[in-house]
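**Student:**
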Amino acid sequence: MVAGPGDATAEWDPGARLDLSAYAPPLPSPPGPPPARPGLPPALGLGAMLLDQAGYTGRRVFQAVDRAEPSAACARLGARLAAGPRTALLAMGDGSARRTTAAPGYLDERAVPFDLNIEKAVRAGDLTTLAGVDPALARELMASGRPAWQLLAGALGPRAATEVLYAGAPYGVSYLVAVLTPAPAGE
Amino acid sequence: MDDLPPGAAAHREPGPLRLGRHDFAPGRLLVMAIVNRTPDSFYRPGITWDEGRALDRVGTVVAEGADIVDVGGVPARPAAEVTVAEEIRRTVPFIEAVRAAHPDLVISVDTWRHEVARAVCEAGADLLNDTWSGWDPKLADVAAEFGTGLVCSHAGGLLPRTRLFRAAYTDVMADVLERTLALARQAEQAGVDRDRILIDPAHDFGKNAWHSLEISRRLAEMTATGWPVLLAVSNKDFVGETLNVPLEERLAGTLAVTSVAAWLGARVFRAHQVAETRQALDMVAAIKGDLAPARVIRGLT
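Protein chains in written order, with the numbering used here: chain A, 1 to 187; chain B, 1001 to 1301.
Now the structure itself:
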């Protein structure tokens, strides 16, 4: 399953792919049939692209989560996923876009501590911190990934084994890449 | 409001553009020279922060062929807050000085706040350049009251002094037309002289480089509305990103967009480099047949 923020909480067509036409008006089209419209929201579309790049050909579920979805509802979506058959989850979501004066949202002094707190929690395998992120604060800091993080926390529970592969903020937007593995029962 | 759908009555016959005491015919290409009364605008910050230097700059740009000066007291980019009182302090005494020194010069003021607009109109401004797309609806009322002009722009829904983050458009030019024409119609209904209204797609405002290139490519759709189009592309990021050049190397790119837009019918060009812009526009006007060459000797003597 690929999960990420979107305009509404909804599943998308498993055959859908990334559609950047609203961001980058098409120049010469790539060969092959034109992509189906409407294409996926960017977070899900990038997830689809990663699956393609990894050569994944198995079943796909694309779950958009409303940017304003309350934390509890995000967690419930995640828990429902975890209760089903064994699934790999790609939770796609950015951190704050207000890290510097050159950032899309200009500088908010709270942005770096906010992102560092998320990073620290993920490194420590502490998912209760993700579950507890304040949606209002996340919105003010333009941390659009908040619903995806909370879906992830809902799926994995309070603890997970984690490995952080990347943490950085190019152009003033924070990105964190990590692999999270469910904690063994009883731990 | 009347019951016409947005944009329905928006097209008009091209006519003279009236600014200050001037009537500019449709074929005239006008240079609007930027004179910032700020310490922190993006291009050569603080260059005209000193009032004496700013007045000198006005004299220079007039000599270089500027038809309009555009005075700004607040940078477009996000930075320290500038209060209404401070914006007035930065602009009004300067406008009075420009008006005294250049009685016929068209003075535009780059502001989005009606309190500032009122003060600058009292000081002699001829045009309100509202880059933030009607954020303050009272701005048009001020233009109507003082008989000044108004620029109706598209900012992609941004609040003043914010930047876009992944703005998305099904059709960016359709969005630009809908917004700017609706604002133009509202301004006319508020009593602004229709011959003093301009529309501006506002490159880079709520748009990424792809979007700005697309509105450049499709500018004829704007000029076809009959409303005079203002082009404000000088040294902007979409030029820098397209050519991968820093701020100080964007003149050629700026002049390329300027020339294409002039060819497609834009009428007013906001510029930092006035002499070069004047030359590019005169060349385009000559190609179009709207302006005779300054001299023709080659092959005739």
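Each residue gets a CB set at the ideal place from its N, CA and C atoms; glycine is no exception. These numbers come from a predicted model, not from an experiment.
Near B/G1226, what residues of its chain come up, given a Cβ to Cβ distance below 7 Å and the 5 sequence neighbours on each side ignored?
**Tutor:** Taking B/G1226 as the centre and dropping the five residues before and after it, the same chain places the C-beta of H1011, R1012, E1013, P1014 closer than 7 Å to its C-beta, in chain order.
**Student:** What does the Cβ neighbour count give for A/E11, buried or exposed, with the cut at 16 atoms within 10 Å?
**Tutor:** exposed
**Student:** Specify the secondary structure class of A/E187 as computed by DSSP and reduced to three states.
**Tutor:** Here the model assigns A/E187 a pLDDT of 47, short of 50, so the residue's position is not dependable, and the following value carries that caveat. Of the three classes helix, strand and coil, the one that applies to A/E187 here is coil, per DSSP.
**Student:** 8 Å is my cut-off, CB to CB: does A/G105 come that close to chain B?
**Tutor:** Yes, because at least one Cβ of chain B sits closer than 8 Å to the Cβ of A/G105.
**Student:** Leaving aside the five residues before and after B/A1292 along the sequence, list all residues of the same chain whose C-beta is less than 8 Å from its C-beta, in chain order.
**Tutor:** A1286
**Student:** Report the residues of the stretch 1104-1125 of chain B with a CB closer than 8 Å to any CB of chain A, ordered along the chain.
**Tutor:** none
**Student:** Helix, strand or coil for B/H1114, going by three-state DSSP, please let me know.
**Tutor:** Judged by DSSP in its simplified three-state form, B/H1114 adopts helix.
**Student:** Check each residue of the stretch 123-148 of chain A: if its Cβ is closer than 9 Å to any Cβ of chain B, include it; give the result in chain order.
**Tutor:** Correct list: M142, S144.
**Student:** Determine the DSSP secondary structure at B/N1129, reduced to helix, strand or coil.
**Tutor:** strand
**Student:** Hey, could you find the ends of the alpha helix (DSSP H) A/R123 is sitting in?
**Tutor:** 111-124
**Student:** Can you tell me whether DSSP reads B/I1047 as helix, strand or coil?
**Tutor:** coil
**Student:** Quick one: Cα of A/C74 to Cα of A/P135, how far?
**Tutor:** One C-alpha to the other measures close to 11 Å.
**Student:** Exposed or buried, which one is A/P170 when buried takes at least 16 other CB atoms within 10 Å?
**Tutor:** In this structure A/P170 is exposed. Its beta-carbon is surrounded by fewer than 16 other beta-carbon atoms within 10 angstroms.
**Student:** What separation, rounded to the nearest whole angstrom, lies between the Cα atoms of B/H1102 and B/R1053?
**Tutor:** 16 Å
**Student:** Under 8 Å, with one C-beta from each stretch per pair, do the stretch 45-59 of chain A and the stretch 98-115 of chain A reach the 3-pair mark?
**Tutor:** no
**Student:** Identify every run of the beta strand (DSSP E) within the stretch 1185-1231 of chain B, keeping only runs that are complete inside it and at least 3 residues long; order them along the chain.
**Tutor:** With a minimum length of 3 residues, the continuous beta strand (DSSP E) runs that stay inside the stretch 1185-1231 of chain B are 1197-1200.
**Student:** How would you list, in chain order, the residues of chain A whose beta-carbon sits under 7 Å from the beta-carbon of B/F1165?
**Tutor:** A97, P104, G105, M142
**Student:** Which partner residues of B/R1018 appear in the DSSP bridge assignment?
**Tutor:** DSSP lists B/D1023 as the bridge partner or partners of B/R1018.
**Student:** For the structure I just gave you, are there three or more beta carbon pairs, one from the stretch 1146-1163 of chain B and one from the stretch 1188-1208 of chain B, closer than 8 Å?
**Tutor:** yes
**Student:** Do B/C1152 and B/G1134 have their CB atoms nearer than 8 Å?
**Tutor:** yes
**Student:** Specify, as a first and last residue, the run of the alpha helix (DSSP H) that A/T129 falls within.
**Tutor:** 127-131
**Student:** Using the beta-carbon count (16 or more within 10 Å), is A/E187 buried or exposed?
**Tutor:** Reliability of the predicted coordinates at A/E187 is poor, the pLDDT of 47 falling under 50, and no value is obtained from them.
**Student:** Taking 6 Å as the limit between beta carbons, can you name the residues of its chain near B/K1138, skipping five residues before and five after?
**Tutor:** H1114
**Student:** To which residues does DSSP link B/I1107 through a beta bridge?
**Tutor:** For B/I1107, which the question treats as bridged, DSSP gives the partners B/V1069.
**Student:** Looking at the secondary structure, which residues open and close the beta strand (DSSP E) in which A/G4 lies?
**Tutor:** 2-6
**Student:** So which residues on chain A does B/I1168 lean against when the C-beta distance must stay under 8 Å?
**Tutor:** Note that residue 1168 of chain B is Ala in the sequence shown here, rather than Ile. Here the neighbours are A22, Y23.
**Student:** For the candidate residues B/T1048, B/T1223, B/M1283, B/D1067, whose alpha-carbon lies nearest to that of B/G1073?
**Tutor:** B/T1048
**Student:** Given a cut-off of 8 Å, decide if B/V1274 and B/A1033 are closer than it, judged by their beta-carbon atoms.
**Tutor:** When the beta-carbon positions are compared, B/A1033 and B/V1274 come within less than 8 Å of each other.
**Student:** Going by the beta-carbon positions, is the gap between A/A48 and A/L77 smaller than 8 Å?
**Tutor:** Taking 8 Å as the cut-off, the beta carbon of A/A48 is found no closer than this to the beta carbon of A/L77.
**Student:** B/N1208 touches chain A at which residues, Cβ-Cβ below 8 Å?
**Tutor:** Per Cβ cutoff of 8 Å: Y23, A24.
**Student:** Using alpha carbons as the reference points, say which of B/V1035, B/L1247, B/M1283, B/A1261 lies closest to B/V1109.
**Tutor:** B/V1035
**Student:** Does any residue of chain A have a CB that is nearer than 8 Å to the CB of B/P1078?
**Tutor:** yes
**Student:** Any contact of the stretch 1199-1219 of chain B with the stretch 1228-1237 of chain B, i.e. 3+ C-beta pairs under 8 Å?
**Tutor:** yes
**Student:** Judging by CA-CA distance, which residue of A/D126, A/L20, A/G6 is the nearest neighbour of A/G93?
**Tutor:** A/G6
**Student:** Of all Cβ atoms in chain A, is any one closer than 8 Å to the Cβ of B/F1238?
**Tutor:** no
**Student:** Under the three-state reduction of DSSP, which class applies to B/P1093: helix, strand or coil?
**Tutor:** helix
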